[in-house]
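Position 27 (the sequence shown) corresponds to 26 in numbering that gives the first Met the number 0; numbering is contiguous. The block underneath contains the structure these notes are about, expressed in structure tokens.
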Amino acid sequence: MTTRDGTGLAVRVYGSRAARRTVVLLHGLCVSDEVWSVQVGYLLGRHGEDIRVITYDHRGHGRSSRAAAQTYRIAQLASDLEDVLAALDVVGPITLVGHSMGGMAALAYLARSSADRTADPDGLVLVTTAAGKLAQRGLGRSLAAPGIFALLADVDRIPTRALELIAGPVCSALARIWPAQQTMLKNIAKAAAGTSVPTVIGFLPTLREFELHGTLHRIRAKTVIVSAGADPVLPVAHSHDLADAIPGAVHLHLPQSGHMVLKETPNAINEAIEYAMFPCGTEQLAARSDEGGTLAGL
């Protein structure tokens, strides 16, 4: 589909338009919608015709078109989400699931006024993400380096090799998972390699500037926050901030997982989505606290 500013987005739709509920899966920086393959299979297998699943590649990622560097903003991703929901005529119950930058896009969408939103999601899953303060914690501290954004002010004119020297460590860190999972690592690395360097660099300024903590108290969707103890990219402190500010939020912490928790511990993400859709079913989510994780908010 084409967004209102003319950018082509590669969208996949699974299930019937007449399904009772829609789930939208939003990926993070440097990867594509293929990272959600396990969750798509799980949701369709469990709910069949009762569910519609939508995934798509953010602008500049995967099979979607590149766009002008000045459009690589979290607010623009929220606008793109609105365009997708409107184009697909999404109505009825909807759950947004966002990983990393995808979670930020979901938060930015919910921060929009009701007049600027086609949908009013009643379920929200935020996986290893943040509402701001990215330059203060974890890998994001590099965003505060003096002069970096003066250097990147005109990203389209910087030699590709110079951009690669900056972007390489970013994508490598985002794709870092347990070494034993070699097949998974190769798949993530392949997706990261497929993201253009100008795209990666283009999003860095918006990550440093991103700040939505002041809007979190307005969220009314049933929210599950998933954090990972071995995540060097977005440390658990970000998730604590989300859990403290979003009314009624449930916080599932997985101490042994890394940033790509949706691939490392996929069943936990599946159960988080289930709980966001059907809050009365807490047994499976609660069981995660018996496997070394911790759960708060139930």
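Where a beta carbon is used, it is the ideal one built from N, C-alpha and C, also for glycine.
query	result
Bounding residues of the alpha helix (DSSP H) (the contiguous stretch that carries T54)	Taken as a continuous stretch (DSSP letters only), T54 belongs to no alpha helix (DSSP H), being part of the beta strand (DSSP E) at I50 to Y55.
Element boundaries [beta strand (DSSP E), containing V126]	G122 to V126
Beta-carbon proximity check, L28 vs T54, cutoff 7 Å	no
Segment contact flag, the stretch 201–216 with the stretch 87–98, C-beta cutoff 8 Å, min 3 pairs	no
Residue burial classification, A130 (beta-carbon count within 10 angstroms, cutoff 16)	buried
For T205, the nearest candidate out of G137, T70 and P120 (CA to CA)	T70
Beta-carbon proximity of A17 to D49, cut-off 7 Å	no
Selected residue, minimal CA-CA separation from R11, among R62, T2, Y41 and R45	R62
Residue range of the unbroken alpha helix (DSSP H) whose run includes G201	V196 to E208
Limits of the unbroken beta strand (DSSP E) element including S226	K221 to A227
N-terminal and C-terminal residue of the beta strand (DSSP E) that V39 is part of	Careful: V39 lies outside any beta strand (DSSP E), inside the alpha helix (DSSP H) at S36 to H46.
In DSSP terms, what L251 is bridged to	V225 and L294
Extent of the continuous beta strand (DSSP E) to which V30 belongs	Element bounds for V30: n/a, residue is neither H nor E.
Supposed close pair D79, T2 - CB separation, criterion 8 Å	5 Å
Inter-residue Cα distance where the pair is Q38 and S195	26 Å
Which listed residue (L215, S31, G257 and L43) has its alpha carbon closest to that of I272	L43
Nearest-angstrom Cα separation, counted from G47 out to G137	40 Å
Outcome for H216 when other beta-carbon atoms lying within 10 angstroms are tallied against a minimum of 16	exposed
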